[in-house]
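Chemist:
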Amino acid sequence: MTLFVSGGASVSRVKRIDGSNFSTVAPSLQGKVCYRSENGSTCANAAHDSQPTGLSGLSTVSNFGVSVIRRLNAKDEFSAYASYTLTTRRPEALTTTPAADLLTITGTYSH
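Mind the numbering: the sequence shown is residues 327 to 437 in the numbering used here, read in order.
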(Lines of atoms letter the chains of each structure in order from A and count residues from 1; the text may use other names and numbers.)
(Lines give C-alpha, C1' and ligand atoms only; values in the text may rest on other atoms or scores of the structure.)
Protein backbone atom coordinates (compact mmCIF):
# COMPACT_ATOMS: atom_id res chain seq x y z
CA MET A 1 0.00 0.00 0.00
CA THR A 2 1.23 3.48 -0.88
CA LEU A 3 0.09 6.73 0.73
CA PHE A 4 0.74 10.24 -0.61
CA VAL A 5 -0.37 13.40 1.23
CA SER A 6 0.45 17.07 0.64
CA GLY A 7 -1.00 20.28 1.96
CA GLY A 8 -0.67 24.01 2.07
CA ALA A 9 -2.75 27.16 1.91
CA SER A 10 -4.06 29.45 -0.80
CA VAL A 11 -4.17 33.12 0.13
CA SER A 12 -6.47 35.09 -2.16
CA ARG A 13 -7.29 38.78 -2.31
CA VAL A 14 -9.80 39.76 -4.95
CA LYS A 15 -10.82 43.32 -5.78
CA ARG A 16 -14.50 43.30 -6.70
CA ILE A 17 -16.15 45.36 -9.40
CA ASP A 18 -17.67 47.68 -6.76
CA GLY A 19 -14.14 48.47 -5.45
CA SER A 20 -14.38 46.44 -2.25
CA ASN A 21 -11.89 43.71 -1.41
CA PHE A 22 -12.59 40.04 -0.68
CA SER A 23 -9.80 38.15 1.09
CA THR A 24 -9.61 34.56 2.25
CA VAL A 25 -7.18 31.85 3.27
CA ALA A 26 -8.23 28.42 2.04
CA PRO A 27 -6.58 25.04 2.61
CA SER A 28 -4.93 23.30 -0.32
CA LEU A 29 -4.85 19.53 0.21
CA GLN A 30 -4.13 16.44 -1.86
CA GLY A 31 -4.09 12.80 -0.92
CA LYS A 32 -3.88 9.43 -2.60
CA VAL A 33 -3.77 5.87 -1.36
CA CYS A 34 -3.04 2.90 -3.62
CA TYR A 35 -3.06 -0.84 -3.19
CA ARG A 36 -1.10 -2.83 -5.75
CA SER A 37 -1.13 -6.55 -6.41
CA GLU A 38 0.16 -8.80 -9.18
CA ASN A 39 -3.25 -8.55 -10.90
CA GLY A 40 -3.54 -4.75 -10.87
CA SER A 41 -4.12 -1.81 -8.56
CA THR A 42 -6.83 0.17 -6.81
CA CYS A 43 -6.32 3.83 -5.89
CA ALA A 44 -8.43 6.47 -4.18
CA ASN A 45 -7.61 10.17 -4.35
CA ALA A 46 -8.95 13.41 -2.92
CA ALA A 47 -8.01 17.05 -3.51
CA HIS A 48 -9.20 20.47 -2.38
CA ASP A 49 -7.95 23.79 -3.75
CA SER A 50 -9.02 27.39 -4.47
CA GLN A 51 -8.31 29.93 -7.18
CA PRO A 52 -9.56 33.38 -8.25
CA THR A 53 -12.30 33.54 -10.88
CA GLY A 54 -12.80 35.99 -13.72
CA LEU A 55 -15.88 37.41 -12.00
CA SER A 56 -14.08 38.87 -8.95
CA GLY A 57 -14.69 35.87 -6.76
CA LEU A 58 -13.04 32.70 -5.56
CA SER A 59 -13.64 29.20 -6.90
CA THR A 60 -13.10 26.25 -4.56
CA VAL A 61 -12.76 22.80 -6.12
CA SER A 62 -13.04 19.51 -4.23
CA ASN A 63 -12.44 16.23 -6.06
CA PHE A 64 -12.76 12.59 -5.03
CA GLY A 65 -11.88 9.70 -7.31
CA VAL A 66 -11.29 5.96 -7.47
CA SER A 67 -9.34 4.07 -10.13
CA VAL A 68 -9.11 0.33 -10.68
CA ILE A 69 -6.79 -1.54 -13.04
CA ARG A 70 -7.16 -5.30 -13.40
CA ARG A 71 -5.05 -7.62 -15.47
CA LEU A 72 -7.51 -10.25 -16.72
CA ASN A 73 -4.90 -12.53 -18.28
CA ALA A 74 -1.56 -12.24 -20.10
CA LYS A 75 -3.09 -10.09 -22.89
CA ASP A 76 -6.22 -8.44 -21.49
CA GLU A 77 -6.54 -5.57 -19.06
CA PHE A 78 -9.51 -3.55 -17.77
CA SER A 79 -9.33 -0.13 -16.16
CA ALA A 80 -12.05 2.08 -14.72
CA TYR A 81 -12.09 5.51 -13.15
CA ALA A 82 -14.87 7.34 -11.30
CA SER A 83 -14.55 10.92 -10.11
CA TYR A 84 -16.82 13.42 -8.36
CA THR A 85 -15.95 17.13 -8.46
CA LEU A 86 -17.72 19.92 -6.57
CA THR A 87 -16.98 23.55 -7.43
CA THR A 88 -18.25 26.40 -5.25
CA ARG A 89 -17.86 30.13 -5.72
CA ARG A 90 -17.45 32.83 -3.09
CA PRO A 91 -18.91 35.27 -2.57
CA GLU A 92 -22.04 33.40 -3.62
CA ALA A 93 -23.90 36.61 -4.51
CA LEU A 94 -21.76 37.08 -7.62
CA THR A 95 -23.44 34.31 -9.61
CA THR A 96 -26.83 32.70 -9.87
CA THR A 97 -25.20 29.28 -9.49
CA PRO A 98 -22.97 29.24 -6.40
CA ALA A 99 -22.09 25.55 -6.83
CA ALA A 100 -21.69 23.04 -9.63
CA ASP A 101 -20.86 19.36 -9.52
CA LEU A 102 -19.60 16.84 -12.04
CA LEU A 103 -19.55 13.05 -12.03
CA THR A 104 -17.18 11.33 -14.47
CA ILE A 105 -16.98 7.59 -15.12
CA THR A 106 -14.66 6.05 -17.70
CA GLY A 107 -13.64 2.54 -18.56
CA THR A 108 -11.06 1.00 -20.89
CA TYR A 109 -10.49 -2.52 -22.11
CA SER A 110 -7.22 -3.35 -23.85
CA HIS A 111 -6.18 -6.50 -25.64
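Here a beta-carbon is modelled for each residue, glycine too, at the ideal position from N, C-alpha and C.
Across which residues does DSSP place Lys-401 in a beta bridge pair?
Modeler: Taking the first residue of the sequence shown as 1, we reach residue 401 at position 75. Note: Lys-401 sits in no beta bridge, so no partner.
Chemist: CA-CA distance, Ser-354 and Asn-389?
Modeler: Mapped onto the sequence shown, residue 354 falls at position 28. Mapped onto the sequence shown, residue 389 falls at position 63. Using only the alpha carbons, I get a separation of about 12 Å.
Chemist: Pick out whichever of Thr-350, Thr-328 and Gln-377 has its Cα sitting closest to the Cα of Cys-369.
Modeler: Along the sequence shown, one-based indexing puts residue 369 at 43. Of the listed residues, the one whose Cα sits closest to Cys-369 is Thr-328.
Chemist: DSSP state of Ile-395, grouped into three classes?
Modeler: Along the sequence shown, one-based indexing puts residue 395 at 69. Ile-395: strand per DSSP, three-state reduction.
Chemist: Which residue marks the beginning of the beta strand (DSSP E) containing His-374, and which one marks its end?
Modeler: By one-based count along the sequence shown, residue 374 stands at place 48. Segment 366 to 378, the beta strand (DSSP E) holding His-374.
Chemist: If you compare alpha carbons, which of Leu-384, Ser-346, Thr-350 and Thr-434 is closest to Ser-405?
Modeler: Sequence index remark: in the sequence shown, residue 405 carries index 79 (1-based). Looking at the Cα atoms, Thr-434 is the closest of the given residues.
Chemist: Is the number of C-beta pairs between the stretch 372 to 381 and the stretch 333 to 344 that are closer than 8 Å three or more?
Modeler: Touching, per the Cβ criterion.
Chemist: Check Ser-349 in the structure and name its three-state DSSP category.
Modeler: Taking the sequence shown and counting its residues from 1, one reaches residue 349 at position 23. Of the three classes helix, strand and coil, the one that applies to Ser-349 here is strand, per DSSP.
Chemist: Would you mind reading off the limits of the beta strand (DSSP E) that contains Arg-339?
Modeler: As a first step, residue 339 must be located in the sequence shown, where it is residue number 13. Counting along the chain, the beta strand (DSSP E) containing Arg-339 begins and ends at 328 to 341.
Chemist: Among the candidates Lys-401, Gln-356, Ser-363 and Ile-431, whose CA atom is the shortest distance from the CA of Phe-330?
Modeler: Along the sequence shown, one-based indexing puts residue 330 at 4. Residue Gln-356 is the option with its Cα nearest to Phe-330.
Chemist: So is Leu-384 buried or exposed if we call it buried at 16+ other beta carbons inside 10 Å?
Modeler: Position 58 of the sequence shown, counted from the first residue, corresponds to residue 384. So Leu-384 counts as buried.
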